[in-house]
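If you read the sequence shown in this note's numbering, its first letter stands for residue 5, the second for the next number, and so on.
Note that beta-carbon positions come from the ideal geometry of N, C-alpha and C, so glycine has one too.
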Amino acid sequence: MDLKHLWKNARWSFLGEIELLKVLENNPYQIQPPYEKLVGDLTGAYSRRFNIKHRLVYQVIENEHIVKVIRMWTHYE
5 MDLKHLWKNA RWSFLGEIEL LKVLENNPYQ IQPPYEKLVG DLTGAYSRRF
55 NIKHRLVYQV IENEHIVKVI RMWTHYE
């Protein structure tokens with residue numbers, strides 16, 4: 005893989021992450037892009053995809069108007 009290819013893909017992905025964080029800032033329950041409620045150890049958290057492999061896992065703290073990012077760039081582990 006050459007550096008140009010890596011930069012192009014990393015930059016595109018980074019821009020997508022910024023857009024997703026903007027969505028969460030404005031309305032963490034916005035339907036698009038889709039999100040899912042998590043269960044098990046992550047009950048109370050939500051997940052949205054960056055791509056087929058990576059996700060953003062976050063929790064909404066309603067009474068403080070805070071969106072807490074729990075994980076980025078990982079799958080559920």
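In the structure shown, the three-state DSSP call for Val-27 is helix. Per DSSP, reduced to three states, the secondary structure at Leu-46 is helical. With respect to the 8 Å criterion, Val-71 and Leu-60 are not classified as neighbours on the basis of their beta carbons. Counting every other CB atom within 10 Å of its CB across the protein chains shown gives Tyr-33 a total below 16, marking it as exposed. Per DSSP, reduced to three states, the secondary structure at Ile-22 is helical.
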